[in-house]
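Presented below is the structure to which this report refers.
Protein chains: 2
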Amino acid sequence: MNDFKERKKKILQVVIRHYVRTARPAASGMIVRDYDFPFSSATVRNVLAELEEEGYLTHPYTSAGRIPTDKGYRFYVDRLMEAQKLTQEEERHIAREYRAKRRGLEEVMRQTSKMLSLISHQAGFILTPTLDRNFLKHIELVALGGKRILAVLVIQAGLIRHKTIQLNYDLKRSQLYRISKILNEKLSGLPLSQMREEMNRIIEQESNKYLGLLQTAKGLIGQAFTSEESEIYLEGSANILASVKEDLYDYAGVGSVFRAIEEKRIILDIVRRLVQSEGVKVLIGKENLYPELKDFSVVSSTYKSGNRVVGALGIIGPKRMEYPKMVALVDFVAKVVNNILNSEGG
Amino acid sequence: MNDFKERKKKILQVVIRHYVRTARPAASGMIVRDYDFPFSSATVRNVLAELEEEGYLTHPYTSAGRIPTDKGYRFYVDRLMEAQKLTQEEERHIAREYRAKRRGLEEVMRQTSKMLSLISHQAGFILTPTLDRNFLKHIELVALGGKRILAVLVIQAGLIRHKTIQLNYDLKRSQLYRISKILNEKLSGLPLSQMREEMNRIIEQESNKYLGLLQTAKGLIGQAFTSEESEIYLEGSANILASVKEDLYDYAGVGSVFRAIEEKRIILDIVRRLVQSEGVKVLIGKENLYPELKDFSVVSSTYKSGNRVVGALGIIGPKRMEYPKMVALVDFVAKVVNNILNSEGG
DNA sequence: ATTAGCACTCTTAACGAGGGAGTGCTAATA
DNA sequence: TATTAGCACTCCCTCGTTAAGAGTGCTAAT
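Protein chains in written order, with this note's numbering: chain A, 1109 to 1454; chain B, 1109 to 1454.
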């Protein structure tokens, strides 16, 4: 019984590997031939039929070889595939790229999504950190002329958020300076998510002293923290076109995939769900609930700031992808990004 | 003779319009039928043959209809096509989108490229302003903790450039404040391109007073102004996929187009050349010198800050595009962006 | 439990024929 | 001289046919 199961697994594994490599359905005869299988093709056929019945495989038409279903891929990812490391060159390449230039968060984001797409030959992405539950280190208000102010929030080393604020009244430079001072005194060290409430509390407590200024400050804070959305950086969607071309079986829906990728909202939503927990996650085919991406898989991991998960990164590609490699890549890059965000001047 | 030429032009125009609309070669009979042409198809055939001989048209095989060459499109754009306006709805739509949320330059950039792609059904793009020759209004240095400083350069209302600077020595907050003050005194009102030299001059003149600080300031300026590259925002490349699909004659090379578009370097280069002069420009097929884009056209215009051209925006699509419409769109959006950049608090 | 054998299915490529669209040319016409 | 009718010719496209090939599913034998 155990022996039997082992063989079945092995066959499933071979089918998936073959299909991933060649984009052609795996045939029973082929499996026996190419993988030195100690049984006849007929036996393999029986097993394949079982696997199909149990939902791990299908075939596009009666007499084609087998290709994996989502369930098949899922089983492979969870139980069958062996961990893999990137090659030395690849790791070196990544390290070098980051070393070359990395100033500011934006650069890191761009770099990362590019990196991911380049090595995976899939579309790579990275979410900008969500910082709501992180602590404010420092706030700076810069007068931009006119009625505009630039609010710069320093959260962690390397993590900066800035936002232009449009006022409908004038504010003298001296006032701005005083407000800035007050805000820093009162708000530093608090989590970003509490800024608003905290402002209200301050105003209640200290209403006597400098009410006008505080009201102004409240307005500023209100504007600086509205619509605190994550952004997504995405590179390499051209790769997807290429890999779809190889695929013989479903050309349809490439357009919708592209649209979905470009729209980014969908990706954002999918990834946001994955951020909930740490570590490398794999979403196969319909497991992500958007029909536009039903023929695609997402491999992603998270990165932290301090000990808090603040963002995610990963790759998107056709279901038929080299999962072990992809997992290794995403894992590695996540670690690199972690290092960058947490090492310097932390 | 004049009459003769008019007819020829008319026929060229009809061929182009037809091909743009339907993606099918225009046949002599078809022209007569669909456009109430007061001659026989034979006559038209003669003219078509002439036009082909002169290089304005080709046909993909002996007995297919005619399609325009680059030269044909060029003539159409320069001499034949009639100016067109966007529909009321479209203009309203654009205006509304911009009104909805526009804080900060980044938002405007993103908005614009999205807008362009949405209405044109092509890939839309916009270059961020190149500000080298604009005047510095104000400079602000923000300590980010560790050895990092954020330099915020205010150039015009709405035009802000910021850059994180990595030092390899510590800088006290008081020092930073003094440096900031000096920089503002000495550098405000100068063009960005002269910052470096100006710093050197200042140091020479005032070396006696506070040499150390000035040297530090020089370092900061040096870093803040290096690699002042334009960025490009690009949306809607999925649209290109769709329009290529319609085309029967050249499927090949879609991959390379996508790669080119995503790489952005090529687009950047092409557009940068177009920025030289004002107004709407059309580049047809091979006129842009990159073979990857030989089957595509670029319609672009520039936008200004003050009275200086600082950036470009436009759309990219297959040669077979509705030029009049595209020109109208690009023109309109360029004007809107101009308004935004120059109106408020200017 | 495994396997050999074979019929059956479906794909793919190649081929050819027929129809159709459209041109190019020539000769007639206004 | 400019236009047009007419017609042969070219080339594509579609469809049906065919043949080969790949691979399965099943049955019966081991």
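C-beta atoms are modelled at their ideal positions from N, C-alpha and C, and glycine is treated no differently.
For B/Y1341 and A/A1346, the gap between their C-alpha atoms comes out near 16 Å. Sequence-ordered contacts of the region 1256-1273 of chain A with chain B read R1256, L1258, V1260, V1262, A1265, G1266, I1268, H1270, K1271, T1272, I1273 [C-beta pairs closer than 8 Å]. Residue-level contact check: A/E1293 does not touch chain B, since none of the beta carbons of chain B fall below 7 Å from its beta carbon. DSSP, read as helix, strand or coil, puts A/H1201 in helix.
Contact between the region 1144-1153 of chain B and the region 1430-1447 of chain A is absent: fewer than three C-beta pairs spanning the two stretches fall below 8 Å. A/K1271 is bridged by DSSP to A/A1259. Note on B/A1203: under 16 other CB atoms within 10 angstroms of its CB, so exposed under the neighbour-count rule. A/V1122 and A/R1132 have their C-alpha atoms spaced approximately 13 Å apart. Using beta-carbon distances, A/R1204 does not count as an interface residue toward chain B, since no partner is under 7 Å. Of A/G1297, A/H1229, A/A1325, A/E1339, the smallest CA-CA separation from A/L1249 is found for A/A1325.
Looking at the backbone, the Cα of B/E1312 and that of B/T1238 are separated by about 29 Å.
Taken through DSSP and simplified to helix, strand or coil, B/T1151 comes out as helix. A/L1328 does not reach chain B, its nearest Cβ partner there being about 13 Å away, counting only Cβ pairs nearer than 8 Å. In the assembly as shown, B/S1296 is an exposed residue. Its beta-carbon has fewer than 16 other beta-carbons within 10 Å. Its chain contains E1343 as the residues whose beta carbon lies nearer than 6 Å to that of B/K1222, once the 5 sequence neighbours on both sides are disregarded; these appear in chain order. Excluding residues up to 5 positions away in sequence, T1236 lie with their Cβ nearer than 6 Å to the Cβ of B/E1339 in the same chain. When 8 Å is used as the limit between beta carbons, A/F1366 is near these residues of chain B: S1345, A1346, L1349, in chain order.
In this structure, the CA atom of B/R1256 is about 20 Å from the CA atom of A/K1412. Proximity to B/S1408 across B/F1233, B/M1138, B/G1163 peaks at B/F1233, based on C-alpha coordinates.
Under DSSP, B/T1410 forms a beta bridge with B/A1420. Assigned with DSSP and collapsed to three states, A/L1194 falls in coil, not helix or strand. For A/K1389, DSSP records a beta bridge to A/S1408. Here DSSP, grouped into helix, strand and coil, assigns A/E1248 to strand. Taking A/I1424 as reference, the option from A/N1415, A/V1438, A/G1414, A/V1417 with the minimal CA-CA separation is A/V1438. DSSP places A/T1166 in the strand class (E or B) of the three-state scheme. By the neighbour-count definition (other C-beta atoms within 10 Å, threshold 16), B/T1177 is a buried residue. Counting along the chain, no alpha helix (DSSP H) covers A/Y1398, and no H or E run does either.
Its Cα nearest to that of B/F1366, the residue B/L1401 stands out among B/L1401, B/Q1302, B/L1391. The CB of A/L1401 never comes closer than 8 Å to any CB in chain B; the least such distance is about 14 Å.
Listed in chain order, the alpha helix (DSSP H) elements of length 4 or more contained wholly in the region 1114-1143 of chain B are 1136-1142. Of the other Cβ atoms in all chains shown, 16 or more fall within 10 Å of the Cβ of B/L1252; this residue is therefore buried. Here A/A1134 is near A/R1174, since their CB atoms are less than 7 Å apart. Not a single CB atom of chain A sits nearer than 7 Å to the CB of B/V1441.
Each residue's CA atom was taken as its position, placing B/E1305 and B/K1294 some 12 Å apart.
One alpha carbon belongs to A/I1378, the other to A/L1391, and they sit about 9 Å apart. For B/E1293, the enclosing alpha helix (DSSP H) has its first and last residue at 1281-1295.
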